[in-house]
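Protein chains: 2
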Amino acid sequence: MKQKSRKFVYKTSVSWIEERKGILCSSGKPTIEVSAPAAFKGQEGMWTPEELFVASVNTCIKLTFIHYAQRDKLEFLSYESEAEGTLESVEGRFMFSELKVRPKIKLSSSNQIEKAKELIQLSEKNCLITNSIKSKVEVIPEISAQS
Amino acid sequence: MKQKSRKFVYKTSVSWIEERKGILCSSGKPTIEVSAPAAFKGQEGMWTPEELFVASVNTCIKLTFIHYAQRDKLEFLSYESEAEGTLESVEGRFMFSELKVRPKIKLSSSNQIEKAKELIQLSEKNCLITNSIKSKVEVIPEISAQS
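Residue numbers (this note's numbering), protein chains in the order written: chain A, 157 to 303; chain B, 157 to 303.
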């Protein structure tokens, strides 16, 4: 069988500044100040590895949904999503045991509510970040329509 | 046996703006404009889920190293780390198959080079983000000393 051979490489760099603080860079993008969470001796007001991890899942499910919505001509008016990840000790090692993602999707027409449910489930299944992680990911959508 | 029961929860939210563009938020942190990679119809110049994922690993290994360095009184002058993640189809599904992380660590004294190697290996093993992902993570350190 012929295998797909497309590969994509994504790069970032981080430079330590002082204490837990660093600067995160990726070519052509704005830099981001990063630290540890305050509970782990970090500075306040900066992004942390834990939030970047949760953000990567949250944003990837959003983009996967947009991809399917375009493909299937599903019109939506808004998409807002809260995600939370739980870090805990599993068999003696700290890891993200689970993530809950709660997209609120507003459609222009109630005729497409079932279609939107189907596509958000498909997005949960085919998101390339959820494919890459061990954490249990649960997507809990709230879909409404303007008319 | 008594189990550790500490749990930590990390939250982010994302709001869709237009096309592939969104705004990523986490309470008390600067917002980040996000999109898809240009190869997947995204806008240029914005962070993507793929880079946030690679960044979470890169920054978490850095913080784990800093934690061990403080614990063991290892003095370092600088820590800069490039990381790259490879996205490809594995058994028919796109995922990050591997990440390579290349920390360059400069010490004040060459006496501590072996100690630094030991601690970066420990950081690779105990990083809570690498514990949470399926991708193979390889840490390739470059350790030097001022004297």
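For glycine and all other residues, C-beta sits at the position ideal for the given N, C-alpha and C.
### Query
At a CB-CB cut-off below 8 Å, which residues of chain B make contact with valine 165/A?
Sequence index remark: in the first sequence, residue 165/A carries index 9 (1-based). Within chain B, the residues near valine 165/A are Glu240, Gly241, Thr242 and Leu243.
Methionine 251/A - partner residues in DSSP beta bridges: Locating residue 251/A in the first sequence gives position 95, where the first residue counts as 1. Residue pairing by DSSP places methionine 251/A opposite Glu244/A in a beta bridge.
Review point. Taking buried to mean at least 16 other C-beta atoms within 10 Å of its own C-beta, is threonine 187/B buried or exposed?
Key: Within the second sequence, the letter at position 31 stands for residue 187/B. Burial call: exposed.
Sequence-distant residues of its chain with Cβ nearer than 8 Å to tyrosine 263/B (five each side left out): Looking up residue 263/B in the second sequence gives position 107. Residue 263/B is actually leucine in this sequence, not tyrosine. Result list for leucine 263/B: Leu230, Glu231, Phe232, Leu233, Ile269, Ala272, Ile299, Ser300, Ala301 and Gln302, in chain order.
(Q) Below 8 Å, how does it come out for the region 171-183 of chain A and the region 244-256 of chain B: are there three or more Cβ pairs, yes or no? (A) Result no; under three Cβ-Cβ pairs closer than 8 Å.
Quiz item: By how many angstroms is the C-alpha of threonine 204/A removed from the C-alpha of threonine 215/B?
Solution: As a working mapping, residue 215/B is identified with position 59 in the second sequence. As a working mapping, residue 204/A is identified with position 48 in the first sequence. Roughly 8 Å between the two C-alpha positions.
> Starting from glutamate 298/B and walking both ways along the beta strand (DSSP E), at which residues does that stretch end?
Replying inline: In the second sequence, residue 298/B corresponds to position 142, counting from 1. DSSP places glutamate 298/B inside the beta strand (DSSP E), whose first and last residues are 298-301.
Show which residues of chain A have a CB atom less than 8 Å away from the CB atom of isoleucine 289/B. Residue mapping note: residue 289/B aligns to position 133 of the second sequence, counting from 1. Within 8 Å of the CB of isoleucine 289/B, the CB atoms of chain A belong to Ser288, Ile289 and Lys290, in sequence order along the chain.
Review point. On the three-pair Cβ rule with 8 Å, is the region 162-175 of chain A touching the region 239-247 of chain B?
Key: Two segments are said to touch when three or more pairs of C-beta atoms, one from each, lie closer than 8 Å; by this definition the region 162-175 of chain A touches the region 239-247 of chain B.
**Asked** tyrosine 235/B touches chain A at which residues, Cβ-Cβ below 7 Å?
**Response** Against the second sequence, residue 235/B aligns to sequence position 79. Chain A residues near tyrosine 235/B: Trp172.
Locate the alpha helix (DSSP H) running through isoleucine 285/B, then write down its first and last residues. The count along the second sequence starts at 1 and reaches residue 285/B at position 129. Looking at the DSSP string, isoleucine 285/B is not in any alpha helix (DSSP H), and its letter there is neither H nor E.
**Asked** When burial is assigned at 16 or more other CB atoms within 10 Å of the CB, is lysine 281/B buried or exposed?
**Response** Translated into the one-based positions of the second sequence, residue 281/B becomes position 125. With fewer than 16 other Cβ atoms within 10 Å, it is exposed.
Examine chain A for any beta-carbon lying closer than 8 Å to the beta-carbon of valine 210/B, and answer yes or no. Numbered from 1 along the second sequence, position 54 holds the residue referred to as residue 210/B. It does; some Cβ of chain A falls within 8 Å.
Threonine 215/A lies in the beta strand (DSSP E); which residues open and close that run?
The count along the first sequence starts at 1 and reaches residue 215/A at position 59. No beta strand (DSSP E) holds threonine 215/A; the alpha helix (DSSP H) holding it covers 205-227.
*Does the beta carbon of isoleucine 285/B come closer than 8 Å to any beta carbon on chain A?*
Sequence index remark: in the second sequence, residue 285/B carries index 129 (1-based). Isoleucine 285/B counts as touching chain A.
### Message
Assuming isoleucine 173/B is part of the beta strand (DSSP E), what are its boundary residues?
### Response
For the purposes of this step, residue 173/B is taken as residue 17 along the second sequence, with counting starting at 1. Unbroken beta strand (DSSP E) run through isoleucine 173/B: 163-174.
So is glutamate 207/A buried or exposed if we call it buried at 16+ other beta carbons inside 10 Å?
The count along the first sequence starts at 1 and reaches residue 207/A at position 51. By the 10 Å Cβ count, glutamate 207/A comes out buried.
Proximity of isoleucine 285/B and serine 212/B at Cβ, strictly below 8 Å: Here residue 285/B corresponds to residue number 129 of the second sequence, with the count starting at 1. Here residue 212/B corresponds to residue number 56 of the second sequence, with the count starting at 1. In this structure, serine 212/B lies closer than 8 Å to isoleucine 285/B by Cβ.
For this session: Please list the partners that isoleucine 269/B has in chain A, where partner means a Cβ-to-Cβ separation under 9 Å.
Result: By one-based count along the second sequence, residue 269/B stands at place 113. Under the 9 Å cutoff, chain A gives no residues; its nearest Cβ is about 18 Å from isoleucine 269/B.
Separation of alanine 195/A from serine 161/B, as counted between CA atoms:
Residue mapping note: residue 161/B aligns to position 5 of the second sequence, counting from 1. Residue mapping note: residue 195/A aligns to position 39 of the first sequence, counting from 1. Cα-Cα distance, rounded: 15 Å.
- prompt: If we call anything under 8 Å between Cβ atoms a contact, is phenylalanine 252/A one with serine 291/A?
  reply: In the first sequence, the residue the question calls residue 252/A occupies position 96. In the first sequence, the residue the question calls residue 291/A occupies position 135. The Cβ atoms of phenylalanine 252/A and serine 291/A sit closer than 8 Å to each other.
Span separating the alpha-carbon of serine 183/A from that of glutamate 294/B: For the purposes of this step, residue 183/A is taken as the residue at position 27 of the first sequence. For the purposes of this step, residue 294/B is taken as the residue at position 138 of the second sequence. Put simply, the backbone Cα of serine 183/A is about 22 Å away from that of glutamate 294/B.
What is the residue span of the beta strand (DSSP E) that isoleucine 188/B lies within?
Here residue 188/B refers to the residue found at position 32 when the second sequence is read from its first residue. Where isoleucine 188/B is concerned, the enclosing beta strand (DSSP E) stretches over 188-190.
Residue closest to methionine 202/A, alpha-carbon to alpha-carbon, out of Ala192/A, Ser266/A and Glu236/A
Position 46 of the first sequence, counting from 1, holds the residue named residue 202/A. The shortest C-alpha separation from methionine 202/A is found at Ala192/A.
- Message: I need the straight-line Cα distance from histidine 223/A to tyrosine 224/B, nearest angstrom please.
- Response: Position 67 of the first sequence, counted from the first residue, corresponds to residue 223/A. Position 68 of the second sequence, counted from the first residue, corresponds to residue 224/B. Computed Cα separation, rounded: 42 Å.
Next on the checklist: I'd like to know if glutamate 274/A contacts chain B, where contact means its C-beta is closer than 8 Å to some C-beta of that chain.
Outcome noted: Here the question's residue 274/A lines up with position 118 in the first sequence. No, glutamate 274/A does not count as interfacial toward chain B.
- Query: Closest Cβ-Cβ distance between glutamate 206/A and chain B: below 8 Å?
  - Reply: As a position in the first sequence, residue 206/A is number 50, starting the count at 1. True, the Cβ-Cβ gap to chain B drops below 8 Å.
**Study point:** Short CB-CB distance (under 8 Å) between arginine 162/B and chain A
**Key:** Your numbering for residue 162/B matches position 6 in the second sequence. Using a Cβ-Cβ cut-off of 8 Å, arginine 162/B counts as an interface residue toward chain A, since at least one Cβ of chain A sits closer than that to its own.
Practice task
May I have the straight-line CA-CA distance separating glutamate 244/A from isoleucine 217/B, to the nearest angstrom?
Solution key: Within the first sequence, numbered from 1, the residue matching residue 244/A stands at position 88. Within the second sequence, numbered from 1, the residue matching residue 217/B stands at position 61. Each residue's alpha carbon lies about 18 Å from the other.
Check your understanding: Distance, Cα to Cα, cysteine 283/B vs tryptophan 172/A?
Key -> Taking the first residue of the second sequence as position 1, residue 283/B is located at position 127. Taking the first residue of the first sequence as position 1, residue 172/A is located at position 16. About 17 Å.
Which of helix, strand or coil does DSSP assign to leucine 230/A?
Counted from its first residue, the first sequence places residue 230/A at position 74. Look at leucine 230/A here: in three-state DSSP terms it is coil, with no helix or strand label.
Can a CB atom of chain A be found closer than 8 Å to the CB of glutamate 200/B? Numbered from 1 along the second sequence, position 44 holds the residue referred to as residue 200/B. Yes, because at least one Cβ of chain A sits closer than 8 Å to the Cβ of glutamate 200/B.
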